[in-house]
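J.:
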Amino acid sequence: MESNNAEHTKIVEALNSRFASSIKEMGEPYGELTISVDSSNIKNIIAFLASEEMGFSYLTDLCGMHYDTTDELGVVYHIHNLYTNTRIRLKTRMPKAKPEIDSMVSLFRSANWQERETYDFYGIIFKGHPDLRRILNMDEMDYFPMRKEYALEDGTRTDKNDTMFGR
Amino acid sequence: MIESINDKISGENYNTINLGPTHPATHGIFQNVLTMDGEKIIRAESTVGYIHRAFEKIAERRPYNQITPLTDRLNYCSAPINNMGWEMTVEKLLGVQTPKRVDYMRVIIMELARIADHVICNSILAVDCGALTGFTYIFQQREKIYEIFEGICGARLTTNIGRIGGFERDFSDKTWKQIKDFLVDFPKAFREYEALVNRNRIFMDRTIGTGPMSPELALNYGFTGPNLRATGLDYDVRVMNPYSSYQDFDFTIPVGKQGDSYDRYMVRSAEMWNSISIIQQAMDKMPEGPYHADVPEFYLPPKEDVYTKMEALIYHFKIVMGESKVPIGEVYHSVEGANGELGFYLVSDGGRTPYRLHFRRPCFITYQAYAKMIEGSVLSDAIITMSSLNVIAGELDA
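From first to last, the protein sequence lines stand for chains A and B.
Residue 163 in the working numbering sits at position 163 of the first sequence, and the numbers go up by one each step.
Residue 218 in the working numbering sits at position 218 of the second sequence, and the numbers go up by one each step.
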């Protein structure tokens, strides 16, 4: 990947030299460095980026995704180097049948509730999480509501059938 | 849940109490199950989600302009910052360049909202310490800010202010006068308030050393905003990643030293003075020009054009029915909310609604440290700590 941003080039080179086999795709949409990586190696990659050498010591955001075209689930990480003011977006995908990924709680305490929220809404299992329970929804809930198969409105309703505008 | 805690700490005669969900000393619906040894908190466990409204799910069914009212209800104490953060996110996705006048007008509104939010936090903190008088002095000024919002958009608390691309109309002469008056009146009232509270012996005794936080731990817990700056780190999105022309203004980032409740209070106080200065600078340098960007696909045309011009009618119809074209892509945009970095991660698949919209809500991330912060302190300090963190239930639960 070619980049005009010197920091981005440095990060891409460092990642390519260590994790070339885990990196699927790189890009800079809207100037934001975005890297798609293999979900099985995500912990090593983030641990490397969070080390003193790379300085990405701040987890800005962690959220789930459901890619319904391929029926995959995903986790998106935004990490931030506060010294050089560089942000990276790391994207992972995993099959919906086996949505498992390593927990980041040992690296970032802020991942704790964010992973619980992602589990709550997408059913992604974070391996090594100390307390993986639902957080915003009630404990008795038996489905993961942010997945695309759950329409916002009750699917059994027949009084609303406006096909023209996609409702 | 209560039993599980008792099981873990057995053999001692501890009491378990519920602080919340509805408790007069917590501002909003927060539940904390506390295991107490007399006055001392041995263990705390937070439960959140009482006012969860599934905004991220609702947003996946709404056209972009209809998502602005959802953002109102995140941090409802400073709704305009959320509104404009969202509008800027969409503008970033669309690649829209807003005119300077729009940026400056937005800065004025966002800084007014920041003052309103900090006024609430700081004055209620004093109330929780037993000082009601300061609150009665300063809360009138918050009312003045809401009157300004009302003049601009018709609403006071859940504002839905501005549009994708700018503002629906220019500020009226009355609004400009209200803002000018506010810049004269607020410093007077605020100076009076600070004289009452800042060096008050009781207030200092209650807040200094209460709920302290180290910078390393604060970063690890994902703190941002005044809570992070109180620990001594000068991270401010307005300076790090300037949006809405914040680079044009001259202001400082106040930082604290110990990261305790008093530092958080003082950082917010200093930020309010900075906000006043930013608004003054924006008023002085206010450029002439249009009050909205040229985005016909998203910005409603004037009504008289809709009745007389074909093109305007088409755009009006497309916007109202939510059929405007949106590019495929993903953006993350963040603004400095009143209590931290408020981020919007937006994924568009080219459809009429977002494919995925995630709010990075500073309260949600900050609040997970709360249980750890109060363990080992006394119950009355736990109230002060929560108050000084400025946790807003709407943002916590989304």
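By construction, the Cβ of each residue, glycine as well, lies at the ideal position given by its N, Cα and C atoms.
On a predicted model such as this, the values are computed, not experimentally measured, just so you know.
1. Which residues in chain B sit within 9 Å of Pro29 (chain A), going by Cβ to Cβ distance?
2. List the residues that DSSP assigns as beta-bridge partners of Val335 (chain B).
3. Check the Cβ of Tyr58 (chain A) against every Cβ in chain B and list those closer than 8 Å, keeping chain order.
4. Could you compute how far the alpha carbon of Asp397 (chain B) sits from the alpha carbon of Gly20 (chain B)?
5. Where does Val12 (chain A) land, buried or exposed, given buried means 16+ other C-beta within 10 angstroms?
6. Are the C-beta atoms of Tyr22 (chain A) and some chain B residue less than 8 Å apart?
7. So, is the C-beta of Asp236 (chain B) closer than 8 Å to a C-beta in chain A?
8. Would the beta-carbon of His80 (chain A) fall within 8 Å of that of Met146 (chain A)?
9. Looking only at its chain, what residues have a beta carbon closer than 8 Å to the beta carbon of Arg61 (chain B), apart from the 5 residues adjacent to it on each side?
10. Taking the Cβ atom as the reference point for each residue, do Tyr243 (chain B) and Met88 (chain B) lie within a distance shorter than 8 Å?
11. Counting only beta-carbon atoms, is Leu152 (chain A) nearer than 8 Å to chain B?
12. Pull out every residue of the segment 346 to 369 of chain B whose Cβ sits closer than 7 Å to any Cβ of chain A, in chain order.
13. Assuming Lys70 (chain B) and Pro327 (chain B) form a contact by the criterion Cβ under 8 Å, report the distance between their Cβ atoms to the nearest whole angstrom.
14. How many angstroms separate the CA atom of Ala376 (chain B) from the CA atom of Thr210 (chain B)?
15. Tell me Gln31 (chain B)'s beta-bridge partners as DSSP assigns them.
16. Go to Met146 (chain A), then tell me how far its alpha helix (DSSP H) extends in each direction, as first and last residue.
17. Counting contacts by CB-CB distance shorter than 8 Å, is Met110 (chain B) in contact with chain A?
18. Near Ile161 (chain B), which residues of its chain fall below 7 Å by C-beta distance, leaving aside the five closest residues on each side in sequence?
19. Would a check of beta-carbon distances place Met84 (chain B) closer than 8 Å to chain A?
20. Are three or more beta carbon pairs between the segment 300 to 316 of chain B and the segment 184 to 192 of chain B nearer than 8 Å?
21. Does any C-beta atom of chain B lie closer than 8 Å to the C-beta of Gly135 (chain A)?
22. Leaving out five residues before and five after Ile253 (chain B) in sequence, what residues of the same chain have Cβ atoms less than 7 Å from its Cβ?
23. Got a sec: is the Cβ-Cβ distance from Met26 (chain A) to anything in chain B below 8 Å?
24. Measuring CA to CA, which of A:Arg89, A:Thr70, A:Ile46 is closest to Gly27 (chain A)?
25. By a C-beta neighbour count over all protein chains shown, 10 Å radius and 16 as the cutoff for buried, is Ala44 (chain B) buried or exposed?
T.: In short, the structure shows the following:
1. Mapped onto the first sequence, residue 29 (chain A) falls at position 29. Per Cβ cutoff of 9 Å: Gly329, Glu330, Val331.
2. The sequence position of residue 335 (chain B) within the second sequence is 335, counting from 1. Partner(s): B:Leu342.
3. By one-based count along the first sequence, residue 58 (chain A) stands at place 58. Neighbours of Tyr58 (chain A) on chain B, chain order: Leu219, Gly222.
4. Translated into positions along the second sequence, residue 397 (chain B) becomes position 397. Translated into positions along the second sequence, residue 20 (chain B) becomes position 20. Roughly 15 Å separates the two Cα atoms.
5. Your numbering for residue 12 (chain A) matches position 12 in the first sequence. Val12 (chain A) is buried by the Cβ-count criterion.
6. Position 22 of the first sequence, counted from the start, is the residue given in the question as residue 22 (chain A). The question names Tyr, but residue 22 (chain A) is Ser in the sequence shown. For Ser22 (chain A), the answer is no, since every Cβ of chain B falls outside 8 Å of its Cβ.
7. Within the second sequence, numbered from 1, the residue matching residue 236 (chain B) stands at position 236. Output row for Asp236 (chain B): interface = no.
8. Taking the first residue of the first sequence as 1, we reach residue 80 (chain A) at position 80. Taking the first residue of the first sequence as 1, we reach residue 146 (chain A) at position 146. It is not a contact, given that the beta carbons lie outside the stated cut-off.
9. On the second sequence, position 61 is the one that residue 61 (chain B) refers to. Non-local beta-carbon contacts of Arg61 (chain B) in its own chain, meaning distances under 8 Å to residues more than five positions away in sequence, involve Thr353 in chain order.
10. Against the second sequence, residue 243 (chain B) aligns to sequence position 243. Against the second sequence, residue 88 (chain B) aligns to sequence position 88. Between Tyr243 (chain B) and Met88 (chain B), the C-beta gap is smaller than 8 Å, which places the two residues in contact.
11. Taking the first residue of the first sequence as 1, we reach residue 152 (chain A) at position 152. Closer than 8 Å: yes.
12. Arg352, Arg356, His358, Arg360, Phe364, Ile365, Gln368
13. The count along the second sequence starts at 1 and reaches residue 70 (chain B) at position 70. The count along the second sequence starts at 1 and reaches residue 327 (chain B) at position 327. The amino acid at residue 70 (chain B) is misidentified as Lys; the sequence shows Leu. The pair is not a contact, with the Cβ atoms about 22 Å apart (cut-off 8 Å).
14. Start at 1 with the first residue of the second sequence, and residue 376 (chain B) comes out as number 376. Start at 1 with the first residue of the second sequence, and residue 210 (chain B) comes out as number 210. Per the sequence shown, the amino acid found at residue 376 (chain B) is Gly instead of Ala. Approximately 11 Å, taken between the alpha carbons.
15. Within the second sequence, residue 31 (chain B) is the residue found at index 31, counting from 1. Per DSSP, B:Thr47.
16. Numbered from its first residue, the first sequence carries residue 146 (chain A) at position 146. From DSSP, Met146 (chain A) is part of no alpha helix (DSSP H); its letter is neither H nor E.
17. In the second sequence, the residue the question calls residue 110 (chain B) occupies position 110. Chain A, which has no Cβ nearer than 8 Å to the Cβ of Met110 (chain B), makes this no.
18. The sequence position of residue 161 (chain B) within the second sequence is 161, counting from 1. Close CB contacts of Ile161 (chain B) within its chain, under the 7 Å cut and outside five residues either way in sequence, are with Pro80, Asn83, Ile109, Phe149, Ile152, Cys153 (chain order).
19. If you number the second sequence from 1, residue 84 (chain B) lands on position 84. It does not; no Cβ of chain A falls within 8 Å.
20. no
21. The residue given as residue 135 (chain A) occupies position 135 in the first sequence. Inspection of the sequence shows that residue 135 (chain A) is occupied by Ile rather than by Gly. Yes, its Cβ sits closer than 8 Å to a Cβ of chain B.
22. Numbered from 1 along the second sequence, position 253 holds the residue referred to as residue 253 (chain B). Hits under 7 Å: Arg229, Asp234, Asp236, Val239.
23. Residue 26 (chain A) sits at position 26 when you count from the first residue of the first sequence. No, because no Cβ of chain B sits closer than 8 Å to the Cβ of Met26 (chain A).
24. Here residue 27 (chain A) refers to the residue found at position 27 when the first sequence is read from its first residue. Gly27 (chain A) has its Cα closest to that of A:Arg89, out of A:Arg89, A:Thr70, A:Ile46.
25. Counted from its first residue, the second sequence places residue 44 (chain B) at position 44. Classification for Ala44 (chain B): buried.
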